[in-house]
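Asker: Have a look at this one before I ask anything.
In the working numbering, the protein residues as written are 1 to 307.
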């Protein structure tokens, strides 16, 4: 059995990478569409050449990859289930090799998601130095669904993202991390500037649907939304409210802004993910009619921990 890197020039690359995209909830079984998706990722400055596989002759035994994101982060792509024919030692060697490739390209933070029922990949990830952090709940609602009455009034003035406003977006992102219960381990592992950079690759819309919410001309909220046209979906990649502004209905106003962006983009679905420990956000999303669409366990590895 041979464990090797699979560059994008390798004839086996498309079929191997396509088989991993279920880890993102994306099934692309048409080679032309897969090439288009990969090109769109590269335009967003995502490194898609971090693919490792084990072959027995020409037979694929197991594979894993990472998407290298702007801002020094990477997301591991793992098969939803480890193939029954694959021994854990092979899976361990593949993940370790992907991690090494990440480090070689300057990645400082590695993230992974596993299915809740899976018992094999978590053991492999743990052995490879990743740490379980929390369970993420994936939620969705129809854009056309009725909004809470409280969302009809807004005190916020919104300004779009621009390079001139970048420092204020970074500062507001950092303030939103204060006393958060939504994946605080992730915000502690990287700077707000790196986090903002990584979000530029969340969807094909880039920064077009980002906004800074001002109350009495002071930033109190940030919305980082990402459009996925092929799914007719707008993803609320990040919603943050300043600590001193929480409990005043600001979060609902941010969701109303996301809904308006979805309407303008002709999207049918609003989607987001939330840390199961973030009870206040879960209550807000429940009032807005978001319903569960899945859940996965989140893992991280900070490269500096290896030193």
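Positions of the beta carbon are idealized from the N, C-alpha and C atoms, including for glycine.
By how many angstroms is the C-alpha of residue 144 removed from the C-alpha of residue 222?
Answerer: Here residue 222 refers to the residue found at position 222 when the chain shown is read from its first residue. Here residue 144 refers to the residue found at position 144 when the chain shown is read from its first residue. C-alpha separation (whole angstroms): 23 Å.
Asker: Buried or exposed for residue 338, please, with buried defined as at least 16 other CB atoms from any protein chain shown within 10 angstroms of its CB.
Answerer: Residue coverage of the chain in this structure runs from 1 to 307, which leaves residue 338 outside it and unanswerable.
Asker: Using a 10 Å radius around the Cβ and a threshold of 16 neighbouring Cβ atoms, would you call residue 257 buried or exposed?
Answerer: Sequence index remark: in the chain shown, residue 257 carries index 257 (1-based). Per the 10 Å Cβ criterion, buried.
Asker: Which of the three DSSP states, helix, strand or coil, is assigned to residue 170?
Answerer: Position 170 of the chain shown, counted from the start, is the residue given in the question as residue 170. Three-state DSSP puts residue 170 in a helix.
Asker: Can you tell which of 48, 244, 277, 219 has the C-alpha that lies nearest to the C-alpha of residue 134?
Answerer: Locating residue 134 in the chain shown gives position 134, counting from the first residue. Answer by Cα proximity: 277.
Asker: Which value, in whole angstroms, describes the spacing of the CA atoms of residue 45 and residue 203?
Answerer: One-based indexing of the chain shown puts residue 45 at position 45. One-based indexing of the chain shown puts residue 203 at position 203. For residue 45 and residue 203, the distance between alpha carbons rounds to 12 Å.
Asker: Under 8 Å: do the region 282–294 and the region 158–170 share three or more Cβ pairs, one atom per stretch?
Answerer: The answer is no - the region 158–170 does not touch the region 282–294, with fewer than three Cβ pairs under 8 Å.
Asker: Use the C-beta contact count for residue 106: other C-beta atoms within 10 angstroms, 16 or more gives buried, fewer gives exposed.
Answerer: On the chain shown, position 106 is the one that residue 106 refers to. Burial call: exposed.
Asker: Let me check one thing: in DSSP terms, what residues is residue 155 bridge-paired to?
Answerer: Residue numbering aside, residue 155 sits at position 155 when the chain shown is read from its first letter. In DSSP, residue 155 forms no bridge with anything.
Asker: Could you check what DSSP says for residue 141 in three-state terms: helix, strand or coil?
Answerer: As a first step, residue 141 must be located in the chain shown, where it is residue number 141. In this structure, residue 141 counts as strand in the three-state DSSP scheme.
Asker: Taking the alpha carbon of residue 93 as the point to measure from, which residue in 184, 263, 124 has its own alpha carbon closest?
Answerer: Taking the first residue of the chain shown as 1, we reach residue 93 at position 93. For residue 93, the nearest C-alpha among the options comes from 124.
Asker: Assuming the contact rule is C-beta atoms closer than 8 Å, residue 17 and residue 65 should be a hit. Round their C-beta distance to whole Å, please.
Answerer: By 1-based counting over the chain shown, the position of residue 17 is 17. By 1-based counting over the chain shown, the position of residue 65 is 65. Right, their Cβ atoms sit about 6 Å apart.
Asker: Which first and last residues belong to the alpha helix (DSSP H) in which residue 32 is found?
Answerer: Within the chain shown, numbered from 1, the residue matching residue 32 stands at position 32. Counting along the chain, the alpha helix (DSSP H) containing residue 32 begins and ends at 31–43.
Asker: Within 10 angstroms of its Cβ, does residue 89 collect 16 or more other Cβ (buried), or is it exposed?
Answerer: Residue numbering aside, residue 89 sits at position 89 when the chain shown is read from its first letter. Looking at its Cβ environment, which holds fewer than 16 other Cβ atoms inside 10 Å, residue 89 is exposed.
Asker: Would a C-beta distance cut-off of 8 Å place residue 211 and residue 158 closer than the cut-off?
Answerer: Your numbering for residue 211 matches position 211 in the chain shown. Your numbering for residue 158 matches position 158 in the chain shown. It is a contact, given that the beta carbons lie within the stated cut-off.
Asker: By alpha-carbon positions, which one of 228, 239, 238, 248 ends up nearest to residue 266?
Answerer: Locating residue 266 in the chain shown gives position 266, counting from the first residue. Residue 266 has its Cα closest to that of 228, out of 228, 239, 238, 248.
Asker: By DSSP's criteria, residue 297 is part of a beta bridge. Which residues make up the other side?
Answerer: Within the chain shown, residue 297 is the residue found at index 297, counting from 1. In DSSP, residue 297 forms a bridge with 114, 135.
Asker: Restricting to Cα atoms, I'd like to know which of 295, 232, 68 is closest to residue 117.
Answerer: Locating residue 117 in the chain shown gives position 117, counting from the first residue. Nearest of 295, 232, 68 to residue 117, Cα basis: 295.
Asker: Grouping DSSP H, G and I as helix and E and B as strand, with all else coil, what is residue 177?
Answerer: What you label residue 177 is simply residue 177 of the chain shown in a count that begins at 1. Residue 177: coil per DSSP, three-state reduction.
Asker: Near residue 301, what residues of its chain come up, given a Cβ to Cβ distance below 6 Å and the 5 sequence neighbours on each side ignored?
Answerer: Working through the chain shown from its first residue, we reach residue 301 at position 301. Same-chain partners within the cutoff: 110, 129, 130.
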